[in-house]
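If you want the working numbering, it's the 1-based position in the sequence shown plus 27. We treat Cβ as the ideally placed atom computed from N, Cα and C, and that holds for glycine. For clarity, every value in this text was computed on a predicted model and none was experimentally measured. Data first, discussion second: the structure below is written as structure tokens.
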Amino acid sequence: MTNFTVIGGPASQALAKNLANKLDANYIKANVQIFPDGESKVTVGDKPTGKTIVVQSTHPPVDSNFIQALSLVSKARETSSQVIAVIPYLCYMRQDKEFLTGEVVTSAVIAKMLKAVGASKIVVVDIHSTLAIKYFDIPIRNVSATPKLASFFKKMKLKNPFVVAPDLFWAPQAKQFAKILDTESIALNKQRNRKTGELEIKQSQKRNFEGRDIILVDDMISTGGSIVKAAEYLKRRNCGRIYAACTHALLVGDAEKKIRNAGVLKIISTNTIPGKTNAIDVSDILAESI
Ligand code: R5P
């Protein structure tokens, strides 16, 4: 057994257990009780030994899961001089700048809080904004799930696949994904109205999607709006079957239904957020980063 303890936060117990196995580490399951007013009461039953790794994703309920992550790091710090916060899906990373006057840059607030409770290092998977990394003045490791997602699709029998990012933002990852599949990629020009949240796909480079199977790739699917818009755009251009691949499947509300109704055959995600679309375990790449 290595000199590591993994504490599995309430939001990430299965993944934390896989990570503990990969690291041959001691495993402690943290428990949570939610008070009637919504407060989280977090308990860590056993004392961690050696270097401690706290695993807790921060998907919805976002703020509760985040305060639990902070509480666990703080508790672990009482007995360990080194606490690695593994937050596979790190929340608030879309709020990385003041888009409209007066907006708070919450990504920076998150970074300050993690440092304040005593995290010595942060490990995340596919952080939404690499810009936000500059707000962390403790080491942060951003692990990419793209090679694992692409390898999964490589094993499928797809017809002349085309890798499509719903927006320009995820274009480099779409390119990397396509390279693994030995095919081409494109990023659509998605625009979001910052006030209303309305999405629109503006005319992108003209490409022929006719009859080609599409893999829509993104870092996260939240409401499903981006995937739906992209699927509609591609269907109008007579593409073949459509699949969606993402690292973080938040799938808020009826997102999954909306995506299916838009013609997407299957959603494939990693297990950074537990759910039924999970097909790829990231514990091995997390273990490597530690
Ligand atoms: C945007 O920049 C992101 O990469 C995702 O495309 C977006 O956050 C997904 O959100 P939704 O599913 O609500 O469109």
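>> Let's test the definition: count the other Cβ atoms within 10 Å of the Cβ of R221 and tell me whether it reaches 16, buried, or not, exposed.
In response: exposed
>> Looking at L208: is its Cβ nearer than 8 Å to the Cβ of A192?
In response: no
> Where does K309 sit, in a helix, a strand or coil, going by DSSP?
Replying inline: One point to set straight first is that residue 309 is Val, not Lys, in the sequence displayed. It is coil, neither helix nor strand.
>> Could you compute how far the alpha carbon of A306 sits from the alpha carbon of Q203?
In response: 20 Å
> So does D123 have its beta carbon nearer than 7 Å to some heavy atom of the ligand R5P?
Replying inline: no
> Would you call K139 buried or exposed, if buried means 16 or more other Cβ atoms sit within 10 Å of its Cβ?
Replying inline: exposed
> Who pairs with Q60 in a beta bridge, going by DSSP?
Replying inline: K68
>> Measuring only the C-alpha atoms, how far is A205 from F236?
In response: 15 Å
> At which residues does the alpha helix (DSSP H) containing D138 begin and terminate?
Replying inline: Checking the sequence, you will find Ala at residue 138 rather than Asp. Run containing A138: 133 to 143, per the alpha helix (DSSP H) assignment.
>> Taking the alpha helix (DSSP H) that E259 belongs to, which residues open and close that run?
In response: 252 to 262
> Among S84, D64, K78, N58, which has the Cα closest to the Cα of G72?
Replying inline: N58
> DSSP puts H275 in a beta bridge; with which residues?
Replying inline: M247
> Can you check whether the CB of S134 is closer than 8 Å to the CB of S156?
Replying inline: yes
> Taking the C-alpha atoms as reference points, what is the distance between N45 and P199?
Replying inline: 29 Å
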